[in-house]
């Protein structure tokens, strides 16, 4: 009755609860997202962009599914995902071979580290996710600041790219995002 008189479709598909609502009524989607999140004990809610027509509903649904997949691969922890906020990721993977080349060329040398590439990927992820603040990144990794600084120095010596340098940081961060999207180093690219 809260949304009586509005055009809303609720259904299920493949074990997912789906809400189709007019794109110009964001209050419906916000309410649905809040209720669905609360009812699923912490499940994720994804909202696709508004597109015209019946084909637009399908497009929006696919965007929402892709947002859920991206959240899983990228470790995004927000309860509500908006496909519009994640548009950069499909752009980065549109040319998969170029991304694979970037990952391999920039991060490949990390395999030569004693602890392997994944430890360094996790370190860079925490460092970038914390706004390049070493104390916060160290806290997230349960490391001392000195241990984190040592890892960052080791990354610099292995790759030749300094995570503290703005030009290198962009390249490293893009490569780390690509590694997460491509499941590298677990999967060969």
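Numbering (our numbering), first residue to last: 83 to 271.
Ideal Cβ placement from N, Cα and C applies to all residues, glycine included.
Small disclaimer: the values here were computed from a predicted structure and weren't measured.
Is it buried or exposed for residue i, if we count other Cβ within 10 angstroms and need 16 for buried?
i: residue 83; result: Reliability fails at residue 83, whose pLDDT of 46 lies under 50, so the model's placement of it is uncertain and the value that follows must be treated cautiously. The residue in question, residue 83, is exposed, as its Cβ has fewer than 16 Cβ neighbours within 10 Å.
i: residue 116; result: exposed
i: residue 171; result: buried
i: residue 207; result: buried
i: residue 155; result: exposed
i: residue 248; result: exposed
i: residue 257; result: buried
i: residue 95; result: exposed
How about residue i and residue j: are their beta carbons less than 7 Å apart?
i: residue 185; j: residue 253; result: no
i: residue 199; j: residue 134; result: no
i: residue 114; j: residue 101; result: yes
i: residue 153; j: residue 163; result: yes
i: residue 241; j: residue 161; result: no
i: residue 255; j: residue 202; result: no
i: residue 219; j: residue 230; result: yes
i: residue 205; j: residue 233; result: yes
Per DSSP, what kind of secondary structure is residue i in: helix, strand or coil?
i: residue 83; result: Confidence in residue 83 is poor, its pLDDT being 46 and thus under 50, which makes the residue's placement unreliable; the coordinate value appears in the next sentence. Coil at residue 83, not helix or strand.
i: residue 112; result: helix
i: residue 137; result: helix
i: residue 98; result: strand
i: residue 158; result: coil
i: residue 93; result: strand
Relative to the alpha-carbon of residue i, which residue among the options has its alpha-carbon at the smallest distance?
i: residue 104; options: 124, 191 and 131; result: 131
i: residue 227; options: 240, 238, 135 and 215; result: 215
i: residue 196; options: 231, 161, 206 and 236; result: 236
i: residue 270; options: 240, 219, 183 and 210; result: 183
i: residue 93; options: 106, 262 and 118; result: 118
i: residue 136; options: 255, 221, 91 and 238; result: 91
i: residue 179; options: 95, 96 and 261; result: 261
i: residue 110; options: 257, 95, 97 and 88; result: 88
Please list, in chain order, all residues of the same chain as residue i whose beta carbon is under 8 Å from its beta carbon, the five residues on each side excluded.
i: residue 165; result: 128, 129, 130, 131, 142, 145, 146, 148 and 149
i: residue 264; result: 175, 178, 181, 182, 185 and 271
Ignore the nearest five residues each way along the sequence and tell me which others in residue i's own chain have a CB closer than 6 Å to its CB.
i: residue 250; result: 243 and 244
Who are the Cβ neighbours of residue i in its own chain at under 7 Å, not counting the five residues just before and after it?
i: residue 139; result: 102
i: residue 259; result: 174
i: residue 167; result: none
i: residue 212; result: 218, 219 and 222
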